[in-house]
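Enquirer: In this text, residue positions in the sequence shown follow the working numbering: the first is 28, and each later residue adds one.
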Amino acid sequence: MQDIYNRAKNTIWILLDILVAVAIIAVAVSVPAIKSWADSMISIRTVNVSAEGKATVEPDIATISFSVVSEGSNPEKLETDNNEKMTKAIDKVKKEGIEAKDIKTTQYQLSPRYEYNETTRKTYISGYTLTQSVQVKIRDLKKVATILGGLPGVGINQIGQVEFSVEDPDKYLDNARNEAFAKAHAKAQAMAKATGVELGDVVNFSEYRGGYPGPIYYGEAMGKGGDVQTSYTAPSIEPGSQEITVNVNITYEVED
Numbered sequence: 028m029q030d031i032y033n034r035a036k037n038t039i040w041i042l043l044d045i046l047v048a049v050a051i052i053a054v055a056v057s058v059p060a061i062k063s064w065a066d067s068m069i070s071i072r073t074v075n076v077s078a079e080g081k082a083t084v085e086p087d088i089a090t091i092s093f094s095v096v097s098e099g100s101n102p103e104k105l106e107t108d109n110n111e112k113m114t115k116a117i118d119k120v121k122k123e124g125i126e127a128k129d130i131k132t133t134q135y136q137l138s139p140r141y142e143y144n145e146t147t148r149k150t151y152i153s154g155y156t157l158t159q160s161v162q163v164k165i166r167d168l169k170k171v172a173t174i175l176g177g178l179p180g181v182g183i184n185q186i187g188q189v190e191f192s193v194e195d196p197d198k199y200l201d202n203a204r205n206e207a208f209a210k211a212h213a214k215a216q217a218m219a220k221a222t223g224v225e226l227g228d229v230v231n232f233s234e235y236r237g238g239y240p241g242p243i244y245y246g247e248a249m250g251k252g253g254d255v256q257t258s259y260t261a262p263s264i265e266p267g268s269q270e271i272t273v274n275v276n277i278t279y280e281v282e283d
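(1) Spatial neighbours of residue 236 within its chain, please: C-beta separation below 6 Å, excluding the five flanking residues on both sides.
(2) Ordered along the chain, which non-local residues of its own chain (more than five positions away) have a Cβ less than 7 Å from that of residue 208?
(3) Have a look at residue 77 and residue 189 and give me their C-alpha separation to the nearest angstrom.
(4) Kindly indicate which three-state DSSP category residue 179 falls into: helix, strand or coil?
(5) Any chance the stretch 141-161 sits against the stretch 111-124, with 3 or more Cβ pairs inside 8 Å?
(6) Please report how far the alpha carbon of residue 135 lies from the alpha carbon of residue 118, in whole angstroms.
(7) Where does residue 147 fall in DSSP's three states?
(8) Which one or two residues does DSSP pair with residue 276 in a beta bridge?
(9) To the nearest angstrom, how far is it from the Cα of residue 142 to the Cα of residue 98?
(10) Let me check one thing: in DSSP terms, what residues is residue 164 bridge-paired to?
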């Protein structure tokens, strides 16, 4: 009987030791968490500033598209005539220094034309329309007007709008962003000096792009019809420019 009592007593003490150890570990783990929570509840003094940066974007690429659109009853003859005209046009473009990598066929479509016969009350193919289109990138903007002016003379009877764009727009965004951040930092320093505090670390920042360099379209397309070799005069091309903006918002911690 005494042995049973002693074993029970020892078991109770062991359980108590385990409970004490668990309690100590729990306290040790929870103290840093409680301290972290308490620290987070302390309000951090901050100053928030915003600024805008700008950059002027000047296009460095012009993209033009042109087509040969032919109609006739013999599709084979249409293809032969179209190919001859387009080959001459591409050769003329290449003579202006345009590389093959910047010349791309965008459309080659042969479509039947249907008409309705009142007598038989049936539709029939009265002919065909062949459209062959090419897109060209011009990296020397001084050559845009010359190239456009020469295309009708080799049989091109449809010229699309001229699209001006920027090959590397990110460098302009970087310039605008750098200006915005510099202005924001200078503003924050001035505010800190005026209030007798020191700027600390950046705790938050964001940016908003007020504009992104996109294509600039010039003029209207020249459609088929009439004597294109004499009716079309190459325009005086002005690529113009765009202004992009980047707005930033920065939050600094302030210290005494």
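All residues carry an ideal CB built from backbone N, CA and C; glycine is no exception.
Expert: Well, looking at it:
(1) Result list for residue 236: 273, in chain order.
(2) So the list reads 275, once near-sequence residues are dropped.
(3) For residue 77 and residue 189, the distance between alpha carbons rounds to 38 Å.
(4) Three-state DSSP puts residue 179 in a helix.
(5) Inter-segment contact for the stretch 141-161 and the stretch 111-124 is present: three or more beta-carbon pairs are separated by less than 8 Å.
(6) Rounded to the nearest angstrom, the two C-alpha atoms are 18 Å apart.
(7) Correct three-state label for residue 147: coil.
(8) Per the DSSP secondary-structure output, residue 276 pairs in a beta bridge with 77 and 233.
(9) Their Cα atoms are separated by approximately 14 Å.
(10) The secondary-structure analysis by DSSP pairs residue 164 across a beta bridge with 90.
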